[in-house]
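Before any comments, here is the structure.
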Amino acid sequence: MNINEDNELNNYQIMYVTPVEAYTLMESSMDGLSEEQVSHRLKKYGKNEISKKKQSSMFKKLISNFTSLMALLLWGGGLLAILSGTVELGISIFCVNLINGFFSFFQEFKAEKATSALQKMMPSYARVVRDGKEVKIFAEDIVPGDIMILEEGDRICGDARILRCSDFQVDQSTLTGESNPIRKNYEALQEKVSYLEAENMIFTGTTVASGTCHCVVVATGMDSEFGKIANLTQNTEKSLSPLQKELNVLTKQIAIIALSVGIVFMLIAVFVIKDPLLESFIFSLGMIVAFIPEGLLPAVTLSLALSVQRMAKDNALVKKLSAVETLGCTNVICSDKTGTLTQNEMTVNHLWTLDSQMDVSGEGYVPNGKIYVDEQEITAKKSNVLRLLLSGAVLCSNAKLVPPQNKSVNPRYTVLGDPTEACLEVVAKKAEIDLDKLNSQYPRILELPFESRRKRMTTIHQLKDSFEGNQRIAFVKGSPKEVMELCNRCFKGSKACPISEEDRINIMKANDMYAREGLRVLAVAYRTIAHNDKKLPSSIREYTPELIEQDLTFLGLIAMQDPPRSEVKEAVELCHSAGIKIVMITGDYGLTAESIARKIGIIKSDTARIVSGTELSKMNDQELKNVLEGEVVFARMAPDQKYRIVCALQEMGNIVAVTGDGVNDSPALKKADIGVAMGITGTDVAKEAADMILTDDNFASIVRAIEEGRAVYNNIRKFLRYIFDSNTPEAAAPALYLLSGGLVPMPLTIMQILTIDIGTDMIPALGLGAEHPEDNIMNQPPRRIDERLLNKKVILVGFIWYGLIITLFALGGYFLVNYLNGWPHNPLAPEGTALYNEATTMMLVGVVFSQMGMVMNNRTEKESVFKRGIFSNHYINLGLVVEFVILLAVVYIPFLNGIFNTAPIGLIEWLYALPIPFIVFGIEELRKKILRNKDK
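Residue numbers 4 to 939, in the working numbering, belong to the letters of the sequence shown in order.
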């Protein structure tokens, strides 16, 4: 097999061959490629870059905001208004549509840029060997077969097989989700593993954490693992959000209702009342426009925008307005573990020696906490074995803990190096060990780096003060089993003594106990080295692991874990009470993932499944769906597997939210109904692919955002119900006129109907979009996808219950004026026009005053408005004032009287109208109280 054969098979095989066979397989050598080979391969494989998918133009994105079904309905409504002779109304509707469209466009101006973010992660330059010489080239010019040279801090710009390396570690978190740097080596693999887990392979987009390396490039550009993720992300299309789909359904419902009402009224006018056809047609057009909720789109947009502002204060930045409501109907959250559910700060929980088990308090990198034995505090000064255990662990480490500097530069403790080693420094400080003094007393003179084959590392230190009569000491840190097997002595009490078989059994029992809890366990041992030790070479440079790592003295075990965030457990419980399932998908090990999942309550039953990436690869789609029916945690997942899980959940009818921070998460983030990226640890790629960004990387922030999302949908329904409250009296007025055969003059004119819809109702209705979530909103299951905004309850409560109340009060005012002033048999006659206008004005006042009470009623479903505060919604307060001012203007300004067919009303009429809002409000508060008592 060679480079000309199947690339994937070639890359997979290269993991299992020696370094010499690896570069031979790629038709290369340690002297690199020739210029002729490079030229040929550039033509064959292309540039080492992420290809860009053509994006929609800004103009198309702008136009799309004006072509939704609801927007089209409003354009049609405006046109009908103009045709019916109300030009001002038509222009007003057009303006509402334009303002809403531009507002939505600018809210979502920072649209999808995942490809450009991927491009930014590609480094500009790389060092390679060509024709036997080391040269610096543009990263885009790298080709398969190039010999690449890497050192600490370099960004890797091609998938490659390691040929030789020294203390080489790679941060693969952007690709695999693993938080700790991965140690790499050049040896051929002996056992089958997944491609991304191969210790002799490195990948595009990852970073060198430490050491140096020579490697041969095996894949570039879109053929790299990074490129495959980019391709998957680019080709994942976002479907309409649940809210967008529901608004389309609502638009069709409203259009059918409006057209049906218009046609029925026109037919009655023509065939029953015998009105002229043209007048009947214009009358029906007015009725159709009256039934179109012109304020719905602005109300939706305002409600979403206000929720976005509230969520931003709770550390959740929303990129797309429609994403807010999607959260509200989310019923599955696929969550990463590290940094989202956990603190992403390794913490030592327990210390163990052959004498005692010690517990460590405090979490994270802040060195606040104590060490306890049987609830008694202990320090290094009080315990010789504790001092040796932690001193050896810290001295045999390379990570550094960086304390906070200031709020803008470094506001929290951070780590330079391996987080596993950084937490050793933290626990040493908790034991009151002076690290500066320690390093001064035991200066390091040699390091034997960690190797996956040995599973340990060793450091050798010069002793300024003789220890056990020797001048040097070696500390060994690594896997408990491997370290223990090299020990022939152990530390008990205050001295070293021979290790017994019982001691070895107890050590492994302790190790297994901690491992079952999902803790990572390290063993620490030491060996003293005499200056004249004849078993060792005279030169320290000749020391090898085989010579030093023997005859060790066992000190103890250190158990650590990335602890769950303190607030996550409560957030998980809240999700469960809200009917939301949580599925953990992590790149970490299964045992660790299961331990965290159980601690925070994601899984509780003994039958919960822990599925590895290898197991998932063997499952068909139906088997995966069967697994997803129960409690499950997915561990060691590859990017395409996370994507597959999301697809399966969506096919099962779920609305899925996905959290992630790395490049590996971007396909799943894009595919999800709502993608949630981490703001602190998240890569640019993840942030661009997501719909929402958590500025605090905290799972609890998602739960608060879900609460807001549910409130949005409820608020839109409240708005809809409020708008339809007034549609009943608006329909009753012409119906009364038509059904009476014209004996009852039209109680409400078309212009007065439109005054209610566009003028007095609009601003208070918008205030409903600003309502905060109700107290019990997270004790209810997510709304069903087939649940309609305009459902039976909205019709019963809005059209019928609220509608009939308003109709009775409004018609009561209309007939009151007629009773006081005599029946105007001919409203078109000069003597009857004034009385007729006064009567219709009174019905207009009755509807508006009833709506003032109704806007308060619609603020809650069952909860008393008094509980949340009568005047707590400032938008509604302002809306009521504006509504009253508009009404006074229409009633008392002569110019507007002529346009809206209104007339001033007297004291008796005002005495009738003023109590209406309070009576309407009181009736509804009584109904809600009855419902609350019924629920109890």
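For each residue, glycine too, the CB sits at the ideal point set by N, CA and C. Only a predicted model underlies this, so the values are computations on that prediction, with no experimental measurement involved.
Classification of residue i by the beta-carbon crowding that lies within 10 angstroms, buried from 16 upward
i: residue 722; result: buried
i: residue 70; result: exposed
i: residue 228; result: buried
i: residue 389; result: buried
i: residue 463; result: buried
i: residue 114; result: Its pLDDT being 36, under 50, residue 114 is placed unreliably by the model, and nothing is read from it.
i: residue 445; result: buried
i: residue 933; result: exposed
i: residue 117; result: Residue confidence is low: residue 117 scores 38 on pLDDT, short of 50, so the model does not pin down where it sits. Its coordinate-derived value is still stated next. Under this definition residue 117 is a buried residue.
i: residue 120; result: Confidence at residue 120 is low in this model, with a pLDDT of 46, below 50, so its placement is unreliable and the value that follows should be read with caution. Buried, because 16 or more other Cβ atoms sit within 10 Å of the Cβ of residue 120.
Proximal residues to residue i (C-beta, below 7 Å), its chain only, five neighbours per side dropped
i: residue 439; result: none
i: residue 675; result: 649, 659, 660, 661
i: residue 914; result: none
i: residue 585; result: 336, 338, 575, 578, 605
i: residue 521; result: 564, 594, 595, 597, 598, 599
i: residue 260; result: 294
i: residue 602; result: 567
i: residue 548; result: 451, 457, 461
i: residue 616; result: 197, 639, 640, 641, 644
i: residue 75; result: none
i: residue 506; result: 357, 493
i: residue 3; result: Residue 3 lies beyond the stretch modelled for the chain, which goes from 4 to 939, so this question has no answer here.
Integer-rounded CB distance, given that residue j should sit under 8 Å from residue i
i: residue 592; j: residue 558; result: That belief does not hold up - the Cβ atoms of residue 592 and residue 558 are roughly 25 Å apart, past 8 Å.
i: residue 709; j: residue 679; result: Residue 709 to residue 679, Cβ: 10 Å. No contact.
i: residue 45; j: residue 146; result: 6 Å
i: residue 509; j: residue 483; result: Not confirmed; about 12 Å, so no contact.
i: residue 25; j: residue 219; result: 6 Å
i: residue 393; j: residue 436; result: 6 Å
i: residue 755; j: residue 836; result: The pair is not a contact, with the Cβ atoms about 15 Å apart (cut-off 8 Å).
i: residue 683; j: residue 792; result: That belief does not hold up - the Cβ atoms of residue 683 and residue 792 are roughly 37 Å apart, past 8 Å.
i: residue 195; j: residue 172; result: Their Cβ separation, rounded to whole angstroms, is 23 Å, which puts residue 195 and residue 172 out of contact at 8 Å.
For residue j and residue i, the rounded distance between their alpha carbons
i: residue 100; j: residue 250; result: 15 Å
i: residue 486; j: residue 786; result: 55 Å
i: residue 533; j: residue 425; result: 30 Å
i: residue 85; j: residue 841; result: 27 Å
i: residue 326; j: residue 730; result: 30 Å
i: residue 746; j: residue 863; result: 41 Å
i: residue 359; j: residue 376; result: 7 Å
i: residue 724; j: residue 286; result: 25 Å
i: residue 625; j: residue 859; result: 50 Å
i: residue 715; j: residue 732; result: 28 Å
i: residue 587; j: residue 612; result: 11 Å
i: residue 341; j: residue 374; result: 25 Å
i: residue 350; j: residue 402; result: 14 Å
i: residue 423; j: residue 777; result: 44 Å
i: residue 717; j: residue 856; result: 19 Å
i: residue 926; j: residue 301; result: 30 Å
i: residue 802; j: residue 90; result: 29 Å
Residues sharing a beta bridge with residue i, DSSP
i: residue 870; result: Its beta-bridge partners do not exist; DSSP assigns none.
i: residue 216; result: 153, 168
i: residue 361; result: 354
i: residue 754; result: According to DSSP, which records beta bridges pairwise, residue 754 is partnered with nothing at all.
i: residue 731; result: Answer is none; residue 731 lacks a bridge partner.
i: residue 140; result: 129
i: residue 174; result: 210
i: residue 403; result: 419
Residue-level contact to chain D via CB, residue i, 8 Å cutoff
i: residue 938; result: Judged by its chain identifiers, the structure shown contains no chain D, having just a single protein chain.
Nonlocal neighbours in the same chain, by C-beta distance under 6 Å from residue i, ignoring five residues either side
i: residue 707; result: 317
i: residue 735; result: 810
i: residue 296; result: 726
i: residue 215; result: 154, 169
i: residue 958; result: This structure cannot settle anything about residue 958, because the visible part of the chain is limited to 4 through 939.
Beta-carbon contacts of residue i that lie in its chain and below 8 Å, excluding the five residues immediately before and after
i: residue 895; result: 907
i: residue 583; result: 333, 334, 335, 336, 709, 785
i: residue 361; result: 353, 354, 355, 374, 375, 376, 381, 389
i: residue 346; result: 366, 367, 565, 566, 567, 568
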